[in-house]
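Worksheet: the structure to be examined is printed underneath.
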Amino acid sequence: MKRYVVAAVVVALAIPAMAQEGPIRDRGMEAVARFLQLTPAQVDQWKGLLDTQEAALAPLREQLRAVEEQLAALLRTDNPDPAAVGNLILQGKALREQMGQVHRAYLEGFEAMLTEEQAQRLATIRRAERLEPLFPAFRLFGLLPPVSQGPR
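Numbered according to our numbering, the sequence shown spans residues 15 to 166.
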């Protein structure tokens, strides 16, 4: 279990930098697949889930951008109509909720494809992620080793 926690912390710290498109994202996917010990079939299924999520999120993002632009333009006027402002705020809220539902469906699909051991590994990462903000304080008092300054 201790080995899982150490590996979970390493992966949790590396993922934000890997979330971009291209080779960095590919390395991130490889790190996740390796840590969770995903099979090639599971990796393909995961990629399908990501594609489905992106296809659902893209139009919602565009709609949200348009609503936010309309709201910003309205708020720049001398006397914005409160009803119109409220309507745009509610539209933005509804779009964000839809985006959250899409993401939850992605997470449910991802979690459903995992074995029990893989699900435990994912839970370990999630626990480590909650602890990550504490690391600097523990380093400050020498309770964790300093971060390596070598090449990443």
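Backbone N, C-alpha and C fix where the C-beta goes; we use that ideal spot for every residue, glycine too. Remember, it's a predicted structure, so these values are computed and weren't measured experimentally.
The beta-carbon separation of L50 and R135, rounded to 5 angstroms, stays under the 8 angstroms limit for a contact. Pairwise C-beta distances place the stretch 64-80 in contact with the stretch 115-124, as three or more of them are shorter than 8 angstroms. The straight-line gap separating the alpha-carbon atoms of Q132 and R90 is approximately 51 angstroms. With 16 or more other CB atoms across the displayed protein chains lying within 10 angstroms of its CB, A142 is buried. Following the DSSP letters along the chain, one finds G36 in no alpha helix (DSSP H), marked with neither H nor E. Counting the other CB atoms within 10 Å of its CB gives F155 a total below 16, which places it among the exposed residues. Each of Q56, G106 and K61 was checked against the Cα of E76, and the nearest Cα belongs to G106. Counting the other CB atoms within 10 Å of its CB gives I38 a total below 16, which places it among the exposed residues. Per the coordinates, the alpha-carbon of E83 lies some 42 angstroms from the alpha-carbon of P54.
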